[in-house]
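Right, one structure below, let's go through it.
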Amino acid sequence: MKYTEEHEWLRVEGDLVVVGITEHAAEQLGDIVFVELPEEGTTVSKDDEVVVIESVKAASDILAPLDGEIVEVNSVLADNPALVNEDAIGDGWFFKMKIEDMSALDDMMDEAAYKAFIG
Amino acid sequence: MTDLAITVFHALHIELGARMVPFAGYDMPVQYTRGVMQEHNWTREKAGLFDVSHMGQVIVRPKSGNLADAALALEALVPVDLLSLAEGRQRYALFTTPEGGISDDLMVTNRGDHLFVVVNAACKDADIAHMQAHLGATCDVIPVTDRALLALQGPGAEAAFDAIAPGAAAMRFMDVATFTVGGVDLWVSRSGYSGEDGYEISVPNAGAVALARQLIASPEVEFIGLGARDSLRLEAGLCLYGNDIDTTTSPVEANLLWAMQKARRAGGARAGGFPGAARILHEIAHGAARLRVGLLPEGRAPMRAGTALYAAETGGEAVGSVTSGAFGPTIGAPMSMGYVETDFSAIGTRLWGDVRGKRMPVSVAAMPFHPARYKR
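Sequence order for the protein chains is A and B.
Numbering-wise, the numbering used here puts 52 at position 52 of the first sequence, and it's gapless, one number per residue.
Numbering-wise, the numbering used here puts 186 at position 186 of the second sequence, and it's gapless, one number per residue.
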C-alpha cells in the first residue's frame, strides 16, 4: 500500500490502482454522508478534483493521485457513503484507475512513512 | 488572535475525549468519541447533555421592585409581549435594530422579582451593553458570570433529571422553576433547542461539574457536541443566529411572526414601540419581499450555507440562497433553510441550488423537518 500527503491510499490490483482515503482521514472528516464519484472512463491528471466527499462537517475534494483513466468507481457509496467510515481501506474504496507509469508509485510514502507523516 | 475562553466543563470535555474547536470565542466540544451522527441519534432516542455555558446569562432587575417596570423597559427593545409573561414562564424574543433587522435572539424568563435573560455567546457583550444603555434608568442589568448552563435534551431527559431534581417531571414546556440539588440552586426551564423535550439548567460554577457527572452517570445520558446540536436544531427548523437571522433579516422575513404577540402589533395594546417598528409593522401588513423557508434537496448532496437558489435549471438570476444546510441523520436526507423571494416561497415550489457549479433540484418544504416533541 502507498500513501499520498492528501491522505489517500493506493493499492495495486493487477494492472490497476485502487484508490481510497486513509482511516486517519476518514476519522478527521467525521461521518460521511455523501460521495460524488467521477464518471467511469474519465481521463484525469494528477491533482484534478475527482471525488467530492461531504461529511457532517463540510465538503472536501479528493484529488487524482496520478495521471490516468478512471476505469471503475465504487457505486455502492452512492447509497451507503458511511462505508468510508466503516472500512476506509477496504469496502470504502473510491475508484480504480489505469496509470501509464506504475513506477510513479515508487516515490510515494509507504505505511511507515505515512504513519510518521501523520504523527 | 486572543486566547479562547473556556467553560467550567472544559477539563471534563477533554477527559471524555471531545474534539475541541473555537466557537464564539470559546474552546468548545464539536463532538465526542461517538461522532456527530451517533450523538444526534442518541439525543433523539435517549438524552443528550450540552454545555451551553458560553451563552450569556443576564438578570434584569427593576429598581422600583415592580416587575412590570422591567417588562415594559425590555419591551422597548423587542417586538414581544413581556408584560403578559407570567411568573414561572419563559418566552422567546428578538432584539431588533432601528432598520428592522435582528441583532440577537434570546429567551426571557419571569422569575418573580426579576427577568432572567439568556442570549447568544457571540452577541452577549453587545446585548449587555445594549440593555445597560437602554434599561439602565429603570433597571439593574447584571451579567451572571458565576453560573454555567447545561441543556439536557431528548425523550430520556425527564426521567434522568427528575431523579436528581424531584418535581421536574411536572413542569410543562416553557415553565421555569428553581430546584435545590446538592446545596446549590438550579434555575431550570423546560425548553431547549433540539426539537426534543428537555431542560435548560443554570447551575452555579461551584456545583456544575458535580451535576454534570451526576447526569452522565445515568446510562441514558451522554455529553453531545456542537456538531449534533446544529443538525438537531436544523431538523427542528430552528434558526441559528448569525446564519439564518442577523441584522439584515427582519422578523417577518425570517418567518418569526409567531414570536410577536398581538399586543405589539398594529391595533394591539402596546403596538410598536420597539426598534425598527415602522418596517416590521409595514411588513406584517403588506408582506415581505423574501421569506425564510425550509428546503429539501432531491439528491443526497447537502446544500450548505451560501448555496445560490434559482427558479430554473439554467439561466436567470438567483431568487434566494441557503443560510444553513446539513445532512439530517433522523430524516436520513439532506436539509437546508434559506431565504427566497416571496413568489417562490410556497411549499412544494421546485428550485435549483448551485452545488459546485451544477444546479441540483430542491423543493421548498414545511418545517420542522422532524416534528417537535415538547411536553406542552
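Every residue gets a Cβ at the ideal spot worked out from N, C-alpha and C, and that includes glycine.
Which of the residues in the region 27-45 of chain A, read from start to end, lie with their CB under 7 Å from any CB of chain B?
G30, D31, V33, F34, E36
Where B/M1 falls, given that 16 or more other Cβ within 10 Å makes a residue buried:
Start at 1 with the first residue of the second sequence, and residue 1 of chain B comes out as number 1. Since pLDDT at B/M1 reaches only 49, below the 50 mark, its modelled position is unreliable, and the value read off the structure follows with that caveat. When all chains shown are included, B/M1 counts as exposed.
Interface partners of B/M377 on chain A, CB under 7 Å:
Because chain B spans 1 through 376 in this model, residue 377 of chain B falls outside it and cannot be assessed.
Measuring only the C-alpha atoms, how far is B/R356 from A/P65?
As a first step, residue 356 of chain B must be located in the second sequence, where it is residue number 356. As a first step, residue 65 of chain A must be located in the first sequence, where it is residue number 65. Each residue's alpha carbon lies about 21 Å from the other.
Whole angstroms is fine: what's the gap from B/M37's alpha carbon to B/A228's?
Stepping through the second sequence from its first residue, residue 37 of chain B is reached at position 37. Stepping through the second sequence from its first residue, residue 228 of chain B is reached at position 228. The alpha-carbon atoms of B/M37 and B/A228 are separated by roughly 7 Å.
The alpha helix (DSSP H) that contains B/R292, what's its start and end?
For the purposes of this step, residue 292 of chain B is taken as residue 292 along the second sequence, with counting starting at 1. Unbroken run through B/R292 is the beta strand (DSSP E), 290-297; no alpha helix (DSSP H).
In terms of residue numbering, what span does the alpha helix (DSSP H) encompassing B/V209 cover?
If you number the second sequence from 1, residue 209 of chain B lands on position 209. Its alpha helix (DSSP H) spans residues 205-216.
Nearest candidate by alpha-carbon position, reference A/V44, set A/Y114, A/K115, A/K96:
Against the first sequence, residue 44 of chain A aligns to sequence position 44. Answer by Cα proximity: A/K96.
Rounded to whole angstroms, what is the Cα-Cα separation between B/A212 and B/L234?
As a position in the second sequence, residue 212 of chain B is number 212, starting the count at 1. As a position in the second sequence, residue 234 of chain B is number 234, starting the count at 1. For B/A212 and B/L234, the distance between alpha carbons rounds to 25 Å.
Under 8 Å, CB to CB, which of the residues in the region 227-249 of chain B have a partner in chain A?
G227, S231
Report the rounded CA-to-CA distance for A/S103 versus A/I70, giving the unit in angstroms.
Reading the first sequence from its first residue, position 103 is the one you call residue 103 of chain A. Reading the first sequence from its first residue, position 70 is the one you call residue 70 of chain A. Roughly 18 Å between the two C-alpha positions.
Which value, in whole angstroms, describes the spacing of the CA atoms of B/L49 and B/A11?
Within the second sequence, numbered from 1, the residue matching residue 49 of chain B stands at position 49. Within the second sequence, numbered from 1, the residue matching residue 11 of chain B stands at position 11. Spanning the two alpha carbons is a distance of roughly 16 Å.
Are the C-beta of A/G119 and some C-beta of chain B separated by less than 7 Å?
As a first step, residue 119 of chain A must be located in the first sequence, where it is residue number 119. It does not: the Cβ of A/G119 has no partner Cβ on chain B nearer than 7 Å.
Near B/P275, which residues of its chain fall below 7 Å by C-beta distance, leaving aside the five closest residues on each side in sequence?
Within the second sequence, residue 275 of chain B is the residue found at index 275, counting from 1. Beyond the five residues adjoining it in sequence on each side, B/P275 comes within less than 7 Å, by CB distance, of L77, T96, T97, P98 in the same chain, given in chain order.
How would you label B/V8, buried or exposed, when you count the other beta carbons within 10 angstroms and need 16 or more for buried?
If you number the second sequence from 1, residue 8 of chain B lands on position 8. Buried is the call here.
So, with DSSP's three-state summary, where would you put B/M1?
Within the second sequence, the letter at position 1 stands for residue 1 of chain B. Low confidence applies here, because B/M1 scores a pLDDT of 49, under 50, leaving its location unreliable; read the following figure in that light. When secondary structure is reduced to three states using DSSP, B/M1 falls in the coil class, being assigned neither helix nor strand.
Quick check on B/C239: does DSSP put it in helix, strand or coil?
The residue given as residue 239 of chain B occupies position 239 in the second sequence. Three-state result, B/C239: coil.
In chain B, which residues lie less than 8 Å from A/V73 when you measure between Cβ atoms?
For this step, residue 73 of chain A is matched to residue 73 along the first sequence. Chain B residues near A/V73: none, gap ~15 Å exceeds 8 Å.
Step through the CB atoms of chain B and report whether any lies within less than 7 Å of the CB of A/E23.
Taking the first sequence and counting its residues from 1, the one referred to as residue 23 of chain A is at position 23. A/E23 does not count as touching chain B.
Residues of the region 55-70 of chain B whose Cβ lies closer than 9 Å to any Cβ of chain A, in chain order
none
Between B/G35 and chain A, is there a C-beta pair that is closer than 7 Å?
Here residue 35 of chain B refers to the residue found at position 35 of the second sequence. It does: the Cβ of B/G35 has a partner Cβ on chain A nearer than 7 Å.
Quickly, what does DSSP pair A/I32 with across the bridge? List them, please.
Sequence index remark: in the first sequence, residue 32 of chain A carries index 32 (1-based). DSSP lists A/S55 as partners of A/I32.
Report, in whole angstroms, the separation of the C-beta atoms of B/G237 and B/P334, which I expect to be a contact under 8 Å.
Along the second sequence, one-based indexing puts residue 237 of chain B at 237. Along the second sequence, one-based indexing puts residue 334 of chain B at 334. Contact doesn't hold; Cβ gap of about 15 Å is too wide.
Is there a Cβ of chain A sitting closer than 7 Å to that of B/P302, yes or no?
The count along the second sequence starts at 1 and reaches residue 302 of chain B at position 302. Taking Cβ atoms only, chain A reaches closer than 7 Å to B/P302, which makes this a yes.
The region 96-119 of chain A: which residues have C-beta closer than 9 Å to a C-beta of chain B, in chain order?
none
For the pair the region 344-362 of chain B and the region 290-304 of chain B, tell me if three or more CB-CB distances fall below 8 Å.
Three or more Cβ pairs drawn from the region 344-362 of chain B and the region 290-304 of chain B lie within less than 8 Å of each other, which places the two stretches in contact.
Taking Cβ-Cβ distances shorter than 8 Å, what residues in chain A pair up with B/A326?
Counting from 1 along the second sequence, the entry for residue 326 of chain B is found at position 326. What B/A326 touches in chain A: V56.
Which term fits A/I62, buried or exposed, when burial requires 16 or more other beta carbons within 10 angstroms of its beta carbon?
Sequence index remark: in the first sequence, residue 62 of chain A carries index 62 (1-based). The residue in question, A/I62, is buried, as its Cβ has 16 or more Cβ neighbours within 10 Å.
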